[in-house]
Amino acid sequence: MTTAEQRHEGTTGETPGWLADAVIYEIYPQSFADSNGDGIGDLPGVIDHLDHLEWLGVDVIWFNPCFASPFRDAGYDVEDYLTIAPRYGTNEDMVELVEQARRRGIRILLDLVAGHTSIDHPWFARSLADPSDDRYIWADRDGSGLVPSPGPREGWYLKNFFDSQPALNFGYARPHPDEPWRQATDAPGPTRNREALQEIIGFWLDRGVAGFRVDLAFSLVKDDPDLEATTALWREIAGWMRARYPDAVLLPEADDDNTADAGLRGGFDADFALVIQREHSALFNNGATGHLTWQDPAAMEPCYYDPEVDEEAGTRALETFLREWDERDRRAGADRLVVLPTADHDFSRLAAGPRTGDQLRPAFTFLLTWGSLPSIYYGDEIGMRNLPDAPETEGSRWNPGYDRAGCRTPMQWDDALPNSGFSSAPVERLYLPQDPDPSRPTVAAQRADPGSLLHHVRDLVDLRRRTPALRTGGARTVLHVGYPFVYLRGEEHLVVVNPRREPAQATIPALAGATATMLLGDGVRVEDGVVEVAGGGHAVLAVTRP
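Quick look at the structure:
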């Protein structure tokens with residue numbers, strides 16, 4: 145038995161088989177489709193556009209938080225976990241969406257904000273009024289991450305992110321008598337919160353959702369440097385869920401640095417290579433939309449998928465990605481499912497800065513053949529631009545150097561309709577302004593163009609579905625690192641990408657004498673072990689050996 149199997153044995157049982165072959169599509173609900181003309185996307189709007197996702201080949205929709213909220217952090221500040229936010233519709237609308245999606249072979253994942261609530265949650269109001277209430281973490285002195293009480297209760301509460309997001313109390317891995325608020329994980333407050341998580345999970349699974357992506361999953365137990373207590377908590381919840389809902393899944397937002405096996409130890413069904421982590425940044429972060437507090441702009445490396453990147457620097461970036469990926473394989477097992485997204489609601493889109501939508505084909509070719517679980521951020525399939533000048537909206541400004549609004553602008557459906565078909569509201573009432581570029585991409589225009597990025601993505605999804613070797617679980621052998629990037633899936637499927645503008649060539653002895661037949665792509669030629677790729681070239685090829 146491998147180390148990974150030893151860690152996993154006896155935790156949650158088998159991951160549902162449907163997840164391994166899934167193509168995920170992330171919807172930021174405010175910005176996808178507005179059905180009632182108020183300028184904000186909603187669930188009926190999503191129902192109206194399910195045919196697009198079915199046509200694209202999507203299996204799973206992952207929604208950012210849909211629950212009742214004051215929206216100081218775009219819904220990541222929950223006021224009521226058991227009620228859909230009125231701006232999106234009703235609980236019945238969610239049930240209808242689940243059913244309509246199911247008819248098209250699509251499952252629904254919700255975003256579960258497990259570690260904190262809004263200060264407007266009734267739990268926090270009760271905790272403010274009752275000094276004995278330990279649902280949250282209250283300290284009798286100031287300190288890091290602590291916020292003064294805004295009500296009758298004396299002291300300070302611990303926040304998780306913004307001041308308006310008080311941390312729920314799941315205990316501390318290392319209690320200390322000098323700090324009595326550091327309760328053990330089995331104290332009454334942490335126990336109540338674990339039970340509440342199960343109630344929330346069960347409530348929505350009973351209404352047909354397929355599972356959850358858990359926000360800040362590894363932040364629950366505090367002062368837990370090796371995440372032993374946190375992963376034990378999730379293992380307990382995942383085991384309970386698997387026993388009652390064997391077809392449901394739990395995915396964590398991400399794991400921390402140096403804990404690549406945290407998801408495995410916690411009983412989660414897959415991991416996330418989050419866009420703010422090194423492995424994803426090495427591929428796609430060209431620095432065009434700012435930086436996060438812990439990132440030194442001067443020290444940020446160029447990324448691999450950038451047409452103008454220096455060849456040496458881009459190769460180093462790819463080596464960084466592969467090193468991080470190999471470490472994950474070593475810690476969690478080579479068969480571990482990992483979600484690798486195009487982008488998400490917290491960072492820049494693929495088409496950011498100088499990288500344009502018509503330069504994304506190599507990236508999508510990689511993302512849909514690498515053997516990870518691909519997640520497409522809404523609009524990336526048509527190459528929507530990141531808009532760095534979008535106005536700060538609902539807590540989008542993470543720090544002075546970075547505003548997330550630019551990746552959250554309205555979906556671009558059809559320029560023959562008002563607001564590109566997103567909403568019939570007046571322009572000034574839209575959740576965020578749309579891309580003002582008159583040549584902005586739309587679904588309608590790209591559906592009508594067989595040579596568009598949208599058709600390329602659809603063709604890749606279809607090829608992945610028809611070709612088991614390109615999905616998860618198949619063997620992967622890297623044949624050349626740099627430009628071009630060349631790897632083999634199984635024994636017979638070759639993937640070649642060259643995102644730089646300059647042509648590239650590589651001599652690969654393992655391909656000597658082999659015949660390579662193009663299945664999908666452009667600008668790639670393989671002959672007697674020599675791979676020649678045009679600038680921006682990309683291909684999936686079938687390899688036949690003598």
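Here this note's numbering is used: the first residue of the sequence shown is 145, the next is one more, and so on.
Here a beta-carbon is modelled for each residue, glycine too, at the ideal position from N, C-alpha and C.
All values derive from a computational prediction rather than experimental measurement.
For residue j and residue i, believed in contact at Cβ under 8 Å, the rounded distance
i    : j    : result
W348 : L254 : 6 Å
I281 : L302 : 4 Å
P585 : G527 : 5 Å
N304 : L360 : 7 Å
A692 : E636 : An answer regarding residue 692 cannot be provided, because it is not within the stretch 145 to 690 covered by the chain.
P628 : V675 : 6 Å
G458 : R644 : 7 Å
D237 : A317 : With 8 Å as the limit, D237 and A317 do not qualify as a contact, their Cβ atoms being about 40 Å apart.
Other residues of its chain near residue i: CB distance less than 6 Å, five sequence neighbours each side excluded
i    : result
I520 : Y169 and T486
H682 : R505, P506, T509, V641 and G665
I344 : Y225
T159 : D413
R610 : none
P518 : V167, L511 and L512
D217 : F306 and G539
D697 : The question about residue 697 has no answer, for the chain in this structure spans 145 to 690.
E149 : Note that E149 scores 37 on pLDDT, short of 50, meaning its location in the model is unreliable; the coordinates nonetheless yield the value given after this. Closer than 6 Å at the Cβ level, and outside the excluded window around E149, lies no residue.
Assigned secondary structure, residue i (DSSP; H/G/I helix, E/B strand, else coil)
i    : result
A589 : helix
W300 : strand
S519 : strand
P292 : strand
P214 : coil
A426 : helix
P498 : coil
Q244 : helix
R151 : Model confidence at R151 stands at a pLDDT of 34, short of 50, so the residue's coordinates are unreliable; what they give is reported in the following sentence. DSSP places R151 in helix when its eight states are reduced to three.
F306 : coil
E339 : helix
G315 : coil
V482 : strand
L364 : coil
Q327 : coil
W348 : helix
E372 : helix
T146 : With a pLDDT of 36 at T146, under the threshold of 50, the modelled position of this residue cannot be trusted; read the value that follows with caution. Three-state DSSP puts T146 in coil, outside helix and strand.
M238 : helix
M662 : strand
F268 : helix
I191 : helix
G681 : strand
E445 : coil
P690 : coil
I263 : coil
E380 : helix
R620 : strand
G333 : helix
R644 : coil
R279 : coil
G667 : strand
V630 : strand
Host beta strand (DSSP E) of residue i (start-end)
i    : result
R170 : Here residue 170 turns out to be Glu, not Arg, going by the sequence shown. Unbroken beta strand (DSSP E) run through E170: I168 to I171.
L655 : Unbroken run through L655: none, as it is neither H nor E.
D224 : D224 to I228
F566 : From DSSP, F566 is part of no beta strand (DSSP E); its letter is neither H nor E.
P577 : Element bounds for P577: n/a, residue is neither H nor E.
V639 : H637 to V641
I252 : R251 to V257
R357 : G355 to D359
Residue range of the unbroken alpha helix (DSSP H) whose run includes residue i
i    : result
D603 : L597 to R610
I205 : Looking at the DSSP string, I205 is not in any alpha helix (DSSP H); the run it does join, the beta strand (DSSP E), is V204 to F207.
A164 : G161 to A164
H196 : L194 to L200
W542 : From DSSP, W542 is part of no alpha helix (DSSP H) but of the beta strand (DSSP E) over R541 to N543.
E463 : E455 to A476
P506 : R505 to L511
L408 : A406 to R409
Cut-off 7 Å between Cβ atoms - residues of its own chain near residue i, not counting five sequence neighbours on either side
i    : result
F508 : H600, V601 and L604
R591 : L598
D178 : I184, G185, D186, G189, F566, S567 and A569
A311 : G259, H260, Y280, I281, L302, K303 and N304
S596 : Q590
Any chain B beta carbon closer than 8 Å to residue i
i    : result
D182 : Looking for chain B here will not work: only one protein chain is present.
Sequence-distant residues of its chain with Cβ nearer than 8 Å to residue i (five each side left out)
i    : result
L290 : A283, W300, Y301, L302 and K303
A658 : V670, G673, V687, T688, R689 and P690
H489 : E170, Y172, N208, A218, Y521, R548, C551 and R552
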